[in-house]
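One line per chain: the protein sequences are A and B, in this order.
The numbering used here puts the first residue of the first sequence at 1, with every later residue one more than the last.
The numbering used here puts the first residue of the second sequence at 187, with every later residue one more than the last.
Each residue gets a CB set at the ideal place from its N, CA and C atoms; glycine is no exception.
The structure presented is a predicted model; accordingly, all values stated were derived computationally and were not measured.
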Amino acid sequence: MIYGGMILTVLILLIVVFAYLYNRLVSLKNRVDNAWSQIEVQLKRRHDLIPNLVETVRGYMEHERETLEAVIKARQQAVDIDQDNLADQAESENFLSDTLRSLFAVTEDYPNLKANENFKELQEELTSTENRISFARQHYNDSVMRYNETQELIPYNFIVSFGDFAPREYFEIDDPTEKEAPSVEF
Amino acid sequence: MKNFNREDVNPETFYDIQDDATWAIARMMPQLMLIYSISIGLLGTVGVVLLRFQQYSPALGFGIGWIFLSFAAFGLVIALVHAFLAYLRPLDKFTSRLGAEPLDPEDRYHSIFKNVVEEISLAAPVSYVSARVIPTPRTNALAAGDQQVAEVMITEGALGQLSREELQTVVAHELAHIAYGDARLKLFTANILEIFEIFNFEKISKSSRSVGGFRTRGTRGRGALVILVLALLAPLLKGLNRIFATGISLQREWRADATAVEYSRNPLALARALYRLGSLKSKSVSVGLPAPVRDYRESVASPAYSQLLLVPFDSASRGVKEISWWEKLFLSHPPVENRIARTLNLARVPYSDFKRQVERERSSPQLDLPALRDKEGNLLYKQNWWIYADGSESETNLVDLLSGEGLTGEALIAREGDEDWSKPDQHRNLKAIKKLYENEKEKGNCPQCGAPFCRRFYLGVPIKVCLLCGGVALSWRKVIRLETRHRDGKLPERLGNIEDYTGYHGGEPIPEDEMIGAECPDCEIPFRTKRYHATKLIVDQCPNCNLTWFEEDELAIALNL
Numbered sequence: 001m002i003y004g005g006m007i008l009t010v011l012i013l014l015i016v017v018f019a020y021l022y023n024r025l026v027s028l029k030n031r032v033d034n035a036w037s038q039i040e041v042q043l044k045r046r047h048d049l050i051p052n053l054v055e056t057v058r059g060y061m062e063h064e065r066e067t068l069e070a071v072i073k074a075r076q077q078a079v080d081i082d083q084d085n086l087a088d089q090a091e092s093e094n095f096l097s098d099t100l101r102s103l104f105a106v107t108e109d110y111p112n113l114k115a116n117e118n119f120k121e122l123q124e125e126l127t128s129t130e131n132r133i134s135f136a137r138q139h140y141n142d143s144v145m146r147y148n149e150t151q152e153l154i155p156y157n158f159i160v161s162f163g164d165f166a167p168r169e170y171f172e173i174d175d176p177t178e179k180e181a182p183s184v185e186f
Numbered sequence: 187m188k189n190f191n192r193e194d195v196n197p198e199t200f201y202d203i204q205d206d207a208t209w210a211i212a213r214m215m216p217q218l219m220l221i222y223s224i225s226i227g228l229l230g231t232v233g234v235v236l237l238r239f240q241q242y243s244p245a246l247g248f249g250i251g252w253i254f255l256s257f258a259a260f261g262l263v264i265a266l267v268h269a270f271l272a273y274l275r276p277l278d279k280f281t282s283r284l285g286a287e288p289l290d291p292e293d294r295y296h297s298i299f300k301n302v303v304e305e306i307s308l309a310a311p312v313s314y315v316s317a318r319v320i321p322t323p324r325t326n327a328l329a330a331g332d333q334q335v336a337e338v339m340i341t342e343g344a345l346g347q348l349s350r351e352e353l354q355t356v357v358a359h360e361l362a363h364i365a366y367g368d369a370r371l372k373l374f375t376a377n378i379l380e381i382f383e384i385f386n387f388e389k390i391s392k393s394s395r396s397v398g399g400f401r402t403r404g405t406r407g408r409g410a411l412v413i414l415v416l417a418l419l420a421p422l423l424k425g426l427n428r429i430f431a432t433g434i435s436l437q438r439e440w441r442a443d444a445t446a447v448e449y450s451r452n453p454l455a456l457a458r459a460l461y462r463l464g465s466l467k468s469k470s471v472s473v474g475l476p477a478p479v480r481d482y483r484e485s486v487a488s489p490a491y492s493q494l495l496l497v498p499f500d501s502a503s504r505g506v507k508e509i510s511w512w513e514k515l516f517l518s519h520p521p522v523e524n525r526i527a528r529t530l531n532l533a534r535v536p537y538s539d540f541k542r543q544v545e546r547e548r549s550s551p552q553l554d555l556p557a558l559r560d561k562e563g564n565l566l567y568k569q570n571w572w573i574y575a576d577g578s579e580s581e582t583n584l585v586d587l588l589s590g591e592g593l594t595g596e597a598l599i600a601r602e603g604d605e606d607w608s609k610p611d612q613h614r615n616l617k618a619i620k621k622l623y624e625n626e627k628e629k630g631n632c633p634q635c636g637a638p639f640c641r642r643f644y645l646g647v648p649i650k651v652c653l654l655c656g657g658v659a660l661s662w663r664k665v666i667r668l669e670t671r672h673r674d675g676k677l678p679e680r681l682g683n684i685e686d687y688t689g690y691h692g693g694e695p696i697p698e699d700e701m702i703g704a705e706c707p708d709c710e711i712p713f714r715t716k717r718y719h720a721t722k723l724i725v726d727q728c729p730n731c732n733l734t735w736f737e738e739d740e741l742a743i744a745l746n747l
């Protein structure tokens with residue numbers, strides 16, 4: 001009787017501990033998913049802003065048709081890409097960032113454009129969006145790190161096989177210096 | 187930038203600081219509960235002891251013990267009520283007390299602040315954050331709320347001083363407080379700690395005199411005794427109160443700094459922000475400061491609230507130093523210099539390089555408001571230019587010209603500095619000017635010349651300008667914004683030396699608070715004259731809405747004083 005009670009207690013305790021660890025893994029996994037959806041929201045925001053930017057800039061920059069077309073093309077590529085392939089998506093978004101950066105570099109030669117209130121507003125929005133993308137990416141990568149790390153830690157690595165917990169991929173960029181967004185000084 | 191020698195580097199990372207602080211906070215909680223129960227319990231004990239004492243010495247007379255007991259009970263009730271209130275609606279109470287206001291969607295700096303808050307909240311585990319601004323030239327920032335609903339507040343002074351990157355780190359610091367629940371806890375304790383302000387000796391001696399209950403009941407001596415005991419007790423309670431606030435605060439500040447680095451990944455910018463906010467003296471009080479700003483200063487100066495701020499209210503730079511255990515008891519924040527040093531270590535940047543970088547002079551662009559420019563940047567019209575309708579011999583002003591019929595022709599314009607002003611040779615398309623003018627027209631008319639205002643931005647602040655006389659109308663909020671954002675520009679040459687306008691050197695007394703002819707465009711009340719800070723400059727202000735009217739060039743002078 002006493003032994004039965006003890007075994008039962010130990011069993012219940014084991015189940016509680018198992019449930020706790022399992023739930024923690026699930027919540028970490030959901031955090032990663034949530035962080036990922038944040039990146040997508042911000043990427044969409046950028047895709048929506050670019051046509052506005054091109055429209056505003058076009059009037060001022062007749063001689064920079066090539067740069068503008070490169071931006072439009074890069075945006076189209078980023079919109080059309082297969083959303084499930086993380087590496088491809090990261091690559092096309094990085095390419096879009098590059099073309100945007102060269103566009104902003106060119107605008108330095110057009111003081112009237114830089115003085116335009118409309119353009120200033122757009123530039124601030126775009127700067128902010130670039131920042132949001134990198135912060136969302138940072139948050140995603142931090143969440144992935146925590147999730148992957150937890151899976152490898154000792155009590156958790158036994159739990160992993162009981163559920164659908166595969167390690168996730170980081171959202172990486174090639175060159176760390178490319179993380180900088182175009183900056184604006186007022 | 188120099189590299190650190192490997193031996194010099196303290197290999198600390200922000201994860202290390204976070205772990206240290208979290209452990210220290212965990213150890214601290216039991217101690218704090220002890221201190222808190224002591225401070226409420228102390229009053230009760232004194233009461234009970236006095237009651238006992240009274241049995242042997244009836245000369246003490248009626249219930250001093252009871253008075254203490256009721257103080258303790260009263261304190262407990264207030265604490266409970268405050269705790270309850272703090273639990274119910276901490277945000278509303280707090281923001282209204284500090285005079286925080288919603289952002290101005292037209293102001294450039296405000297929209298940058300809004301963007302920055304949204305950016306950083308992506309990196310922090312916080313779901314909804316609203317942003318507010320406290321209209322005061324002081325430099326500070328604070329946060330209130332929890333992970334569900336949070337609010338980040340910043341003063342106009344801080345907003346004007348910080349670059350975008352620095353702003354990010356400040357917001358990250360505040361969001362760290364929210365993510366760890368510090369903001370909620372601090373607000374909670376701030377509310378509870380308010381009860382200790384009851385035991386402020388000066389207040390008590392005043393109120394006991396005014397209540398007069400002691401006197402009617404008998405001798406004055408008894409009332410004096412109560413005051414004496416309280417006078418002895420008050421500093422003790424105040425000390426305990428500060429220790430309590432400190433214990434909650436100190437380690438959490440370290441952790442929030444480390445977490446701000448985690449969110450923003452920019453320790454250098456955090457160090458710069460701390461330097462700017464911690465060591466700068468903000469400009470003196472602005473013209474015609476209304477009530478909310480004064481309230482901010484009072485409430486923030488109280489020890490209950492100063493623990494909530496980014497940099498404490500009375501922070502003065504004293505250099506990096508060791509904090510002794512005794513000082514630790516009374517500090518709500520680590521000294522700013524220590525925070526800068528530790529943050530710089532995370533960036534692995536030596537202090538000398540940092541100092542050079544942070545003290546680089548920045549200057550604002552010159553004020554060039556009363557002008558019309560087209561898309562290509564060509565100057566179409568500028569204040570003080572002479573303008574002639576086509577074929578006409580006499581000069582006219584822009585507004586009259588544009589209100590005329592048949593705007594097909596060209597205007598002839600004589601520019602400032604042209605050799606012969608009476609023979610204009612510059613042709614301008616009137617239609618183009620009119621179109622620009624209509625686009626930029628603002629509500630309201632110039633109090634001096636009656637022409638409609640034009641809308642302009644200076645340092646991100648939308649302002650109303652008269653194109654004819656060059657006058658500028660500004661609300662007091664916008665005056666504060668301009669003052670805090672402006673950095674040593676140069677006075678246009680024609681205005682002479684800045685010394686001519688600073689200080690008042692005797693001579694004729696400056697008439698202040700006199701009614702003048704012009705009326706406030708919003709309230710239709712005559713302006714009154716007002717001295718701008720303690721200078722010779724006199725500006726006009728509406729006594730009702732505090733709208734300030736700067737005549738031509740007065741704004742440029744005021745900002746450079």
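| Query | Result |
| --- | --- |
| Straight-line Cα distance separating residue 613(B) from residue 499(B) | Because the pLDDT at residue 499(B) is just 48, under 50, the model does not fix this residue reliably, and the point stays unresolved. |
| Cutoff 8 angstroms: residue 643(B) Cβ touching any chain A Cβ | yes |
| Same chain, Cβ closer than 7 angstroms to residue 317(B), neighbours up to 5 away in sequence not counted | 289, 299, 300, 303 and 338 |
| Inter-residue CB distance, residue 645(B) and residue 550(B) (contact presumed, cutoff 8 angstroms) | 6 angstroms |
| Chain B residues whose Cβ lies nearer than 9 angstroms to that of residue 132(A) | 301, 304, 305 and 308 |
| Residue 141(A) and residue 171(A) closer than 8 angstroms at C-beta | yes |
| Beta-carbon proximity list for residue 453(B), same chain, < 6 angstroms, skipping 5 on both sides | 447, 529, 532 and 533 |
| 8 angstroms Cβ cutoff, residue 138(A) in contact with chain B | yes |
| Short Cβ contact (8 angstroms threshold) for residue 146(A) with residue 28(A) | yes |
| Other residues of its chain near residue 112(A): CB distance less than 7 angstroms, five sequence neighbours each side excluded | 60 |
| From 597(B), 635(B) and 585(B), residue whose alpha carbon lies closest to that of residue 574(B) | 597(B) |
| 6 angstroms Cβ shell around residue 133(A) - same chain, five flanking residues per side excluded | 42 |
| Chain-ordered neighbours of residue 313(B) on chain A, where CB pairs are closer than 9 angstroms | What residue 313(B) touches in chain A: nothing, since even the nearest Cβ is about 10 angstroms away. |
| Which of helix, strand or coil DSSP assigns to residue 171(A) | coil |
| Residue 291(B) classed as buried or exposed, judged by whether at least 16 other C-beta atoms fall within 10 angstroms | exposed |
| Nearest residue (CA-CA) to residue 363(B), options 328(B), 524(B), 641(B) and 738(B) | 328(B) |
| Alpha carbon of residue 139(A) to alpha carbon of residue 341(B), nearest angstrom | 28 angstroms |
| Three or more C-beta pairs below 8 angstroms linking the segment 101-110 of chain A and the segment 4-16 of chain A | no |
| Contacts of residue 451(B) in chain A (Cβ-Cβ under 8 angstroms) | 138 |
| For residue 550(B), three-class secondary structure by DSSP | coil |
| Cα-Cα separation between residue 119(A) and residue 57(A), rounded to whole angstroms | 8 angstroms |
| Selection from 747(B), 668(B) and 309(B) that minimises the alpha carbon distance to residue 450(B) | 309(B) |
| Test item: CB-CB of residue 656(B) and residue 707(B) under 8 angstroms | no |
| is_contact[residue 297(B), chain A] using C-beta, thresh 8 angstroms | yes |
| Contact set for residue 32(A): own chain, Cβ-Cβ below 6 angstroms, skip 5 residues either direction | 143, 144, 147 and 168 |
| Span separating the alpha-carbon of residue 567(B) from that of residue 201(B) | 59 angstroms |
| Per-residue contacts from residue 124(A) into chain B (C-beta, under 8 angstroms) | 294, 297, 298 and 301 |
| CB contact check: residue 117(A) to chain B, cutoff 8 angstroms | yes |
| DSSP three-state assignment for residue 673(B), whether helix, strand or coil | coil |
| Any chain A beta carbon closer than 8 angstroms to residue 745(B) | no |
| Helix, strand or coil at residue 337(B) [DSSP, three-state] | strand |
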